[in-house]
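In the UniProt record's numbering, the protein residues as written are 1 to 504. Note that beta-carbon positions come from the ideal geometry of N, C-alpha and C, so glycine has one too.
Here you go:
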């Protein structure tokens with residue numbers, strides 16, 4: 001057990017007892033109170049199998065901590081100790097928090113979401129997982145949507161075969177006969193190791209807690225509400241101390257499996273009481289990680305709730321609907337699924353790279369965020385598809401999205417608003433911080449169109465801007481120059497972005 005840990009790292013207590021229990025997952029109560037500078041935080045422990053109990057804690061202050069363990073097991077009760085928290089390492093900015101309509105790390109560093117999707121990469125063989133991690137890093141993705149439970153799915157046209165069995169299951173027992181009161185620590189360890197690997201790369205793990213992709217294969221989705229809360233308690237106690245965790249209540253919360261036709265989906269808002277689940281997570285996660293609930297395109301975007309930190313929606317409309325949701329919810333909005341770049345017969349998996357790039361740019365120009373995905377069948381292999389299993393990205397949009405992110409990172413992103421004067425909503429779009437900084441995106445060429453850049457109250461002001469013109473499809477800088485918008489015309493050319501920084 002380490003006596004030092006960095007701020008926002010993980011301090012772990014490992015405990016044991018000689019006592020035997022019928023069900024150590026439910027029979028043993030275990031928690032610890034942590035103290036620093038007059039502040040107290042209580043966290044709960046969990047059973048890790050083989051007679052071992054653990055308590056994990058993410059310190060949010062530097063300096064000396066003390067702790068006291070409480071348990072209904074006498075051998076683990078009243079254990080005390082101390083440890084030292086050192087400053088965070090250079091790449092450790094802490095957990096992501098919501099600030100208005102944006103995201104910010106705990107140390108104040110802005111967080112710009114550039115998401116992608118690899119639903120069940122966590123249980124594929126090591127060599128595939130390594131390639132997956134390299135793909136995430138290569139293209140600058142910093143939030144990964146990933147299911148906790150395994151996935152079994154063939155698509156609407158049986159075009160995909162998502163049927164690899166995990167090396168072990170998440171609960172004791174077997175398919176269609178799981179004991180949901182007894183989690184399998186081996187499965188949880190496997191999953192949390194993936195979370196750690198992402199954390200080491202500075203990537204957020206958007207953990208999807210429930211989903212309907214079972215189709216009677218395992219019957220994990222048959223878990224009742226009481227068992228669901230036991231599962232939530234266990235996974236929160238295991239994972240919440242990792243700073244890069246996000247909670248997504250469900251993938252497509254508003255559909256379920258048709259009991260009369262197990263291979264088909266049906267709309268069902270009542271599959272679970274999502275508000276109970278959301279409130280439970282909010283009440284029991286001691287660190288307040290981001291929380292959302294994801295819908296299906298033809299279903300219902302989840303209504304605003306106090307437990308929701310941000311909106312996660314699925315829809316190909318990434319601009320107009322994004323603007324509407326930002327106005328309605330007044331929270332950060334992420335289009336977590338605008339349909340994937342790929343070659344599937346299903347509409348959700350056959351977008352071109354150009355359409356993918358456009359939808360992502362439009363999300364950004366609406367002041368929101370988005371998540372990419374890739375669904376290519378290579379040759380006759382309809383199993384190893386990145387959107388589910390990871391591996392190597394083969395599409396053309398990922399490099400362009402990395403370039404998009406690099407452009408945005410040069411902007412005062414969180415201070416910028418929609419600039420309606422220089423936006424027509426179809427061909428050209430603008431975000432601005434007053435007249436000090438502009439981000440322009442041109443979807444189509446508009447010959448003869450004039451943009452109005454600079455102070456509106458003084459139309460004749462002869463201001464100068466440092467301008468950078470970007471070719472967003474070929475990922476290159478076209479030119480950098482200094483311009484006077486009153487005399488130097490900015491050409492609106494398709495697939496060009498421009499940043500303008502006021503020269504003071």
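As assigned by DSSP and simplified to three states, the class of residue i
i, result
"residue 39", "strand"
"residue 322", "helix"
"residue 132", "helix"
"residue 349", "helix"
"residue 115", "strand"
"residue 536", "Any question about residue 536 goes unanswered here, given that the chain covers just 1 to 504."
"residue 6", "strand"
"residue 137", "helix"
"residue 375", "strand"
"residue 70", "strand"
"residue 255", "strand"
"residue 189", "helix"
"residue 86", "strand"
"residue 233", "helix"
"residue 417", "strand"
"residue 432", "strand"
"residue 64", "strand"
"residue 80", "strand"
"residue 53", "strand"
"residue 159", "coil"
"residue 228", "helix"
Beta-carbon spacing of residue i, residue j below 7 Å
i, j, result
"residue 220", "residue 249", "no"
"residue 334", "residue 120", "no"
"residue 110", "residue 104", "yes"
"residue 446", "residue 378", "no"
"residue 407", "residue 497", "yes"
"residue 294", "residue 191", "no"
"residue 402", "residue 169", "no"
"residue 241", "residue 70", "no"
"residue 494", "residue 422", "no"
"residue 432", "residue 440", "no"
"residue 469", "residue 479", "yes"
"residue 375", "residue 349", "yes"
"residue 218", "residue 175", "yes"
"residue 388", "residue 162", "yes"
"residue 428", "residue 437", "no"
"residue 185", "residue 368", "no"
Counterpart residues of residue i in DSSP-defined beta bridges
i, result
"residue 205", "144, 245"
"residue 174", "177"
"residue 44", "31"
"residue 471", "476, 496"
"residue 481", "467"
"residue 381", "378"
"residue 333", "311"
"residue 364", "Its beta-bridge partners do not exist; DSSP assigns none."
"residue 286", "None; residue 286 has no bridge partner."
"residue 102", "99"
"residue 124", "Paired residue(s): none; residue 124 is not in a bridge."
"residue 370", "114, 335"
Span separating the alpha-carbon of residue i from that of residue j
i, j, result
"residue 47", "residue 166", "22 Å"
"residue 361", "residue 453", "21 Å"
"residue 53", "residue 196", "20 Å"
"residue 342", "residue 329", "32 Å"
"residue 31", "residue 45", "5 Å"
"residue 409", "residue 358", "18 Å"
"residue 118", "residue 451", "41 Å"
"residue 208", "residue 253", "10 Å"
"residue 288", "residue 282", "7 Å"
"residue 313", "residue 17", "46 Å"
"residue 42", "residue 229", "19 Å"
"residue 222", "residue 415", "45 Å"
"residue 380", "residue 356", "24 Å"
"residue 300", "residue 21", "44 Å"
"residue 471", "residue 499", "12 Å"
"residue 108", "residue 93", "8 Å"
"residue 189", "residue 456", "58 Å"
heavy atom of the ligand ATP below 6 Å from residue i C-beta
i, result
"residue 369", "In the structure on display, the ligand ATP does not appear, and there are no ligands present to speak of."
Where residue i falls, given that 16 or more other Cβ within 10 Å makes a residue buried
i, result
"residue 143", "buried"
"residue 474", "exposed"
"residue 23", "exposed"
"residue 151", "buried"
"residue 78", "exposed"
"residue 483", "buried"
"residue 477", "exposed"
"residue 200", "exposed"
"residue 304", "exposed"
"residue 61", "exposed"
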